[in-house]
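Written below as structure tokens is the structure these notes are about.
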Amino acid sequence: MMKFRFRRQGADPQREKLKQELFAFHKTVEHGFPNQPSALAFDPELRIMAIGTRSGAVKIYGAPGVEFTGLHREMATVTQMHFLPGQGRLLTLLDDSSLHLWEIVHHNGCAHLEEALSFQLPSRLGFDGASGPPTLAHVTVILLVAAGNMAALGTEGGSVFFLDVSTLMLIEGQTLGPEEVLRSLPDDYRCGKALGPVESLQGHLRDPTRILIGYSRGLLVIWNQAAQCVDRVFLGNQQLESLCWERSGSTLVSSHSDGSYAIWSADTGSSPVMQPTMATMPYGPFPCKAINKILWRNCASGGGMPRASYGDRHCVSVLRADTLVTLDFTSRIIDFFTVHSMRPEDEFDEPQALAVLLEEELVVLDLQMPGWPVVPAPYLAPLHSSAITCSAHVANVPAKLWARIVSAGEQQSAQPASSASSWPITGGRNLAQEPSQRGLLLTGHEDGTVRFWDASGVALRPLYKLSTAGLFQTDCEHADSLAQAPEDDWPPFRKVGCFDPYSDDPRLGVQKVALCKYTAQMVVAGTAGQVLVLELSDMPSEQAVSMASVDLLQDREGFTWKGHERLSPRTGPLPWPAGFQPRVLVQCLPPAAVTAVTLHTEWSLVAFGTSHGFGLFDYQRKSPVLARCTLHPNDSLAMEGPLSRVKSLKKSLRQSFRRIRKSRVSGKKRVVNTNSKLQEANAQLAEQACPHDVEMTPVQRRIEPRSADDSLSGVVRCLYFADTFLRDAAHHGPTMWAGTNSGSVFAYALEVPVAVAGSEKRPERAVEAVLGKEVQLMHRAPVVAIAVLDGRGRPLPEPFEASQDLAQAPDMQGGHAVLIASEEQFKVFTLPKVSAKTKFKLTAHEGCRVRKVALATFASVACEDYAETCLACLTNLGDVHVFSVPGLRPQVHYSCIRKEDISGIASCVFTRHGQGFYLISPSEFERFSLSARNITEPLCSLDISWSHGAAHASYRLQESPKLSQANGTPGILLAPQSRDGSPNPVHSKRADTPERPEAMLSPMSIDSAISADTTLDTTGDITVEDVKDFLGSSEEAAKNLRNLVEDEARACAILIK
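Just so you know, the sequence shown maps onto residues 1 to 1057 in the numbering used here.
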């Protein structure tokens, strides 16, 4: 009998197969704005945009749903990025002086971003110069010339090197050193001074062989690449910041460090140009900040503010004729570009949009509409416009509610609906199928707002913003003085962007959010104990909000609140815009942060908990039902609040020493097991002796019970409503459950008046609550979640879900059970007796603690009708575990988040269909999937004009194993080839390098969507003979390459900053 007690059957092959059909772990997509952007690029032909970050990530965006992500092997900052127009290739420069060439290639119809080549710039080169070899210590600027087949590299030493982009090899004999430029200058201008670093390189729009070079000292030179000589010299004296050609090529404009810009005539002439045609300082005559970048698109765009009074501002100035607008942003400007006509035959640029990449957001302005309005972004919205404090996910949102939320969001926007269609970054095609259900991601923020996001697909689209600050009188009532400035104020500032990290009052912060998708009612709970019940209205209204307070201390003596004061609500009728409008405000006393909240719209009840206790409120009758204090006599920290600064150092030290003393005493009391090694050896022998199909029960770790007087033991961690059997096994009814930090579970039986048939609202009789059960977990571990399972072992449906036939009705014939998840174990108790039925000690088995728990439905990929409801949990080690329900048998577990990423673990939220979100930075959510069937990931294609032919075959490499992205998302293939930069590298035979057939064929649409991070490595099965018909000889390849370069050079001239 003991033999079977300590052994259990091994893995069942059928079950293992079923697990593969139900569970699979993928990190799929990163939602939000890239953290710490450092570089920007735009391809005007493909209409795609690239953003590089300080962590070495490369992110390319097109139309909504079109996204590509890659990561450099070196965790270095991306300083510059340049698209090869129309080719789907991107050249990046890192701050470690390495160049990388990326390609968008197609596998099975879906596009992926791969790194094709890398080149480490050498510190010194062996080229002959007039006074020694020029150095390539640091590249300051890059220009793509000759239709993107050659790149000019400007350096800190004043030299310009030329690079063959197709091989990332330096071209010999074409290096332009500063000595050669100095020979073309007058003697009085030289004066023994160096030219300084190369600040700007610009290609001539009509003649690609002419390159405009700007040096830091202010000298401008037009270099003829074909004739290898200086065509024209402009003797500027102001420190140079940026250059730009005018479209016709006859004029150029330069911007300088003193906030001025100058216009120069580039007409033919041999003598040096001493003075510009025009020089002006837009915000003079006072000293100004530098104009770091200037563009000429029938208007000049740059930066530069009077330094004395506006030195802390981040601005882009737009000048058109006599109209000057100063765009004032709330974060540092990284770069900007204009979307304009690139056809050589067009007379004018006709700028359509201005895109400005800031450190915290991307702002796009429509330059074709009066007033230059901001274009609403369909993605890349700054999640952290105010710091995220909580999040929640709502699945299967009804179409009617979805339309009402979208309509409320459109009424909030000051822009016309037509401007949404003017988003200029539209490249690529989204191949993903339309989502079968709509998902809402709700984020609560520090400024008291709740933002609604469309989380149905790859692009996280903002839908609506709810603000709760208007209900309260905050400490910092103020209006933006700049917004109230008179019209004749100078400079003409215009506030742009939505990033605003500063909160008027930290007490406004949203701590918990709950939404009922069937009645369009929601509850928002905050830092100062405020609990708001809101209802969605399609029309603006003006009405007063009902207010009530609930004392959770219940007049308990010996406790004095030392934290922040409650928020003062505004009285009288208040105007409310269309959207969610507050109906009832419940104030918890003391005004501590709300730690748990739940809403039951069918019973018109809301439950809330703080560090002092929990309460139940009837928002239909606007009266409290229950208040229960959960404080322990030693819970002194609970009375100080999160915003209090009155913590005593002496008290903290005393408590620390007490913990140390307790741990020593408890350690002495433990019985030392001298036979532990012997038992371990015996266990290993028994494991070897037992049959292979029998598995030994894992050894459990010993867990010390927590002390009852631990600080904050009264914190309410979870609240739950259920219609179940609590009093006896014959009658079921409404119940409320509460779990605390000390492992206590309180179950209340509720007397809720039943609504009359045909009526939505229940009678006005009072709701009564009676304590039915009280459970104390043995180890006093904090209770993370509570859920009641019906007779079939399934969780109970949400309010109105079963009555509206949107979910299967629960089995109410008896046999209910309650699942209580604590930080250390999961336990199932039978109801109504509350006797232990099943348990799994996660901490004892895995040595970790539970942080997040959710019940999720996992659908099979093999059978559409088969699904299982399982328990998903995230631990403090960042691992995700899945358990069967109600058996609590471990199914799978995956490593998801780094255990050091505490904020990421704390921010994780699971969905009902086996997906999840967690913050990988203040501005980005990582999306992951535990389901083999329910996966949301980018599936897209891009029409690339560049031929993947012989030129491509000359340097295509074998694929390397997948690397994780900067923040953990796999899915991009990196295949770099390092070049050492030597003048005469050893090349392999180009004709002998096979090309994957799918890379040679033109992109095609596919019938079935393929996972974006799945690649079929078939190169091992393809030989040179197999693809001989596609490649041709090396002579033909070289000839085709020359023809391709000549055709592209004649086709168009591109302008790249």
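Here a beta-carbon is modelled for each residue, glycine too, at the ideal position from N, C-alpha and C.
Straight-line spacing of the CA atoms in H612 and L567 works out to 18 Å.
For Y215, the enclosing beta strand (DSSP E) covers residues 210-215. L71: member of the beta strand (DSSP E) spanning 67-71, first to last residue. Relative to I51, the option among A39, G815, R89 whose CA is nearest is A39.
A distance below 7 Å between beta-carbons, with the five flanking residues on each side excluded, links D901 to the following residues of its chain, in chain order: G878.
Within the same chain, and ignoring the five residues on either side of Q530 in sequence, the residues whose Cβ sits closer than 7 Å to its Cβ are L567, L585, Q587. Close CB contacts of A544 within its chain, under the 8 Å cut and outside five residues either way in sequence, are with T571, G572, P573, L574 (chain order).
Between S248 and A111, the alpha-carbon positions lie close to 37 Å from each other. In the structure shown, the three-state DSSP call for I222 is strand. A distance below 8 Å separates the beta carbons of F614 and T630.
The DSSP assignment places 817-822, 826-830, 835-840, 850-859, 867-875 as complete runs of the beta strand (DSSP E) inside the region 801-879, in order along the chain (cut-off: 3 residues). For C908, no pairing in a beta bridge is given by DSSP. For M169, the number of other beta carbons within 10 angstroms of its own is at least 16, and it is reported as buried. The DSSP-derived three-state label of I902 is helix.
If you compare the alpha carbons of L819, T389, A781 with that of G448, the shortest gap goes to T389.
When secondary structure is reduced to three states using DSSP, A787 falls in the strand class. Residue range 623-629 is occupied by the beta strand (DSSP E) that includes R628, with no alpha helix (DSSP H) assigned at that position.
Here A152 is bridged, per DSSP, to L143, F162. Three or more Cβ pairs closer than 8 Å define a contact, and the region 501-518 falls short of that threshold against the region 545-562.
The three-state secondary structure of P178, taken from DSSP, is helix. Listed in chain order, the non-local C-beta contacts of G497 below 7 Å within the same chain comprise F329, T330, L358, E361, V363, local neighbours out to five positions each way being set aside.
Boundaries of the beta strand (DSSP E) harbouring I104: 98-107, taken from the DSSP string. A straight-line Cα-Cα distance of about 28 Å links I213 and R47. Per DSSP, the unbroken alpha helix (DSSP H) holding R15 starts and ends at 13-22. Counting only the Cα atoms, V394 lies some 7 Å from T911.
Judged by beta-carbon spacing, Q275 lies beyond the 8 Å limit of S257, meaning their Cβ atoms are not closer than that value. Restricted to the region 711-752, the beta strand (DSSP E) segments that are unbroken, complete and at least 3 residues in length are 716-724, 733-740, 744-751, listed in chain order. Judged by DSSP secondary structure, L441 falls within the beta strand (DSSP E) whose first and last residues are 440-445. K899 and G791 have their alpha carbons spaced roughly 38 Å apart.
Nearest C-alpha to P178 among W264, L796, L220: L220. Shown here for T936: same chain residues with a beta carbon closer than 6 Å to its own, the five before and five after excluded, namely T28 in chain order. DSSP lists S467 as the bridge partner or partners of T449. Taking a cut-off of 8 Å on C-beta distances, the region 739-751 touches the region 712-723, as three or more cross pairs fall below it. Beta-bridge annotation (DSSP): L605 is paired with H600, D618. Of the candidates L806, F580, L552, the residue whose Cα lies closest to the Cα of P540 is F580. Residue state for L508 is assigned as helix, using DSSP reduced to three classes.
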